[in-house]
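**Q**
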Amino acid sequence: MISRRNWIKSSSAAVAATFIPRSHASQGRVVVIGGGFAGASVARELRRLNNALSVSLVEANATYTACPLSNMVIGGHRQITQQQFNYAALGADGINVIHQPAVNVDPKRRQVTLSNTRKLHYDKLILAPGIDLDWQALQGYDKTAAERMPHAWKAGIQTTLLRDHLRGMRKGGLVVMSVPKSPYRCPPGPYERASLIAGYLKQTNPRAKVLILDSKDSFSKKPLFMSAWQSLYGDIIEWQGESDGATVTAVNADNRSVSTDFETLQADVANIIPPQKAGKIAQLAGVTD
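Pasting the structure below:
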């Protein structure tokens, strides 16, 4: 069996090997926007295949906080510092790491403009910007509301905020989690999170409940999750789908209320995962549908 790590490495190598034509390999300038798993991996693999390439990695943040395993931080099994990484090793590999946001792409001139007005010229451009949250999609939910009803779908401050809300919840309280329609980042993620929250509550607050309000009637690995929830957590977790009228239509951050077509629920802790879209620079570059 091939491990996830080896699969990622082999996939990155395959992409990188076909990315730069041989005739241009010795003089190519590659700009990669986005320093997450995809961007950092392909930047490193390009340099490994041909160290004559000029590879620039444009990433706004000096510290990368990884989403995979971040649900374990919420569940109390991992520290947020274990999710954080810097880019020193990429710099040591000869990659030009630039910690500035990219604000525009001009495909005709083949140049990227950074927030400090600096322009980077490229022969090849890779966009790996991750997601943006769609703040217009859910009535009442915006960046301010996310402070009281965290999404935690971009790891970092939001991750620890949701963790702290759970730790401070009253005994026997209600956790309400909303799940958007597909597509969104990491399809099994909400259900993994619900499992870890339920595990935490079972140990520290066993009369509390987790209610999942899902905008879909089916989800990734549903039979496995439903079976595990029943056997491990009993009635701590309740899942409702679209046909149950569970699609969240509005929220009120002032009192942590969550509304569907049929009812309004009062949450002690609300984890609102809003609809998502491609990162802004991909939209500006005109490569989204």
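In the working numbering, the protein residues as written are 1 to 289. We treat Cβ as the ideally placed atom computed from N, Cα and C, and that holds for glycine. Please read these numbers as outputs of a predicted model, since none were measured by experiment.
1) LEU224: buried (16+ other C-beta within 10 angstroms of its C-beta) or exposed?
2) Cα separation between ALA145 and ARG170?
3) For the region 94-145, which segments carrying the beta strand (DSSP E) assignment without a break, of at least 3 residues, lie completely within its bounds, in sequence order?
4) What distance in whole Å lies between the Cβ atoms of TYR87 and VAL251, which are believed to be in contact at a cut-off of 8 Å?
5) What distance in whole Å lies between the Cβ atoms of ILE126 and GLY39, which are believed to be in contact at a cut-off of 8 Å?
6) Given that a residue counts as buried once 16 or more other Cβ atoms are within 10 Å of its Cβ, and exposed if not, what is SER243?
7) Roughly how many whole angstroms lie between the Cα atoms of GLY286 and ILE131?
8) Contact check, ALA152 vs HIS99 under 8 Å by CB: the rounded distance?
9) Among ARG29, VAL58, LYS221 and GLN230, which residue has its Cα nearest to the Cα of SER115?
10) Can you list the beta strand (DSSP E) stretches of 3 or more residues lying completely in the region 213-259, in chain order?
11) Could you give the residue range of the beta strand (DSSP E) that holds ARG29?
12) The beta strand (DSSP E) spanning SER178 covers which residue range?
13) Using a Cβ-Cβ cutoff of less than 6 Å, which residues in the same chain neighbour GLY173 once the five nearest sequence positions on both sides are dropped?
14) Sorted by chain position, which residues of the same chain lie with C-beta nearer than 6 Å to TRP239's C-beta, five sequence neighbours on each side aside?
15) Pull up the CB-CB distance for THR159 and ILE273, whole angstroms please, since I reckon it's below 8 Å.
16) Within its chain, find whatever has a CB closer than 8 Å to the CB of VAL103; leave out the 5 residues flanking it on each side and keep chain order.
17) Return the Cβ separation of ALA128 and GLY36 in integer angstroms, given the expectation that the two are a contact with Cβ distance under 8 Å.
18) Inspect the beta-carbon positions of ILE197 and VAL175 and report whether they are closer than 8 Å.
19) Could you spell out the range, first to last residue, of the beta strand (DSSP E) harbouring THR204?
**A** To lay it out plainly:
1) Around the beta carbon of LEU224, fewer than 16 other beta carbons lie within 10 angstroms, which makes this residue exposed.
2) When rounded, the distance between both Cα atoms is 21 Å.
3) Counting whole runs of 3 or more residues, the region 94-145 contains the beta strand (DSSP E) stretches 96-98, 102-106, 111-114, 119-121, 124-127 and 131-133.
4) Rounded to whole angstroms, the Cβ separation of VAL251 and TYR87 is 36 Å, and the two are not in contact under 8 Å.
5) A Cβ-Cβ distance of about 7 Å is found for the pair GLY39 and ILE126, placing them in contact under the 8 Å criterion.
6) By the 10 Å Cβ count, SER243 comes out exposed.
7) Going by C-alpha positions, GLY286 is about 15 Å away from ILE131.
8) ALA152 to HIS99, Cβ: 24 Å. No contact.
9) Residue VAL58 is the option with its Cα nearest to SER115.
10) Fully enclosed beta strand (DSSP E) runs of 3 or longer: 237-240 and 248-252.
11) From DSSP, the beta strand (DSSP E) with ARG29 extends over 29-33.
12) 174-179 is the span of the beta strand (DSSP E), which, as asked, contains SER178.
13) The answer, listed in chain order, is ALA208 and ASP268.
14) ILE212, listed in sequence order.
15) Cβ atoms of THR159 and ILE273 stay farther apart than 8 Å, at about 13 Å.
16) Result list for VAL103: THR113, LEU114, SER115, ILE281 and LEU284, in chain order.
17) The distance from the Cβ of ALA128 to that of GLY36 is about 6 Å, consistent with a contact at the 8 Å cut-off.
18) Taking C-beta atoms as the reference points, ILE197 and VAL175 count as a pair closer than 8 Å.
19) For THR204, no beta strand (DSSP E) encloses it; the enclosing alpha helix (DSSP H) starts and ends at 189-204.
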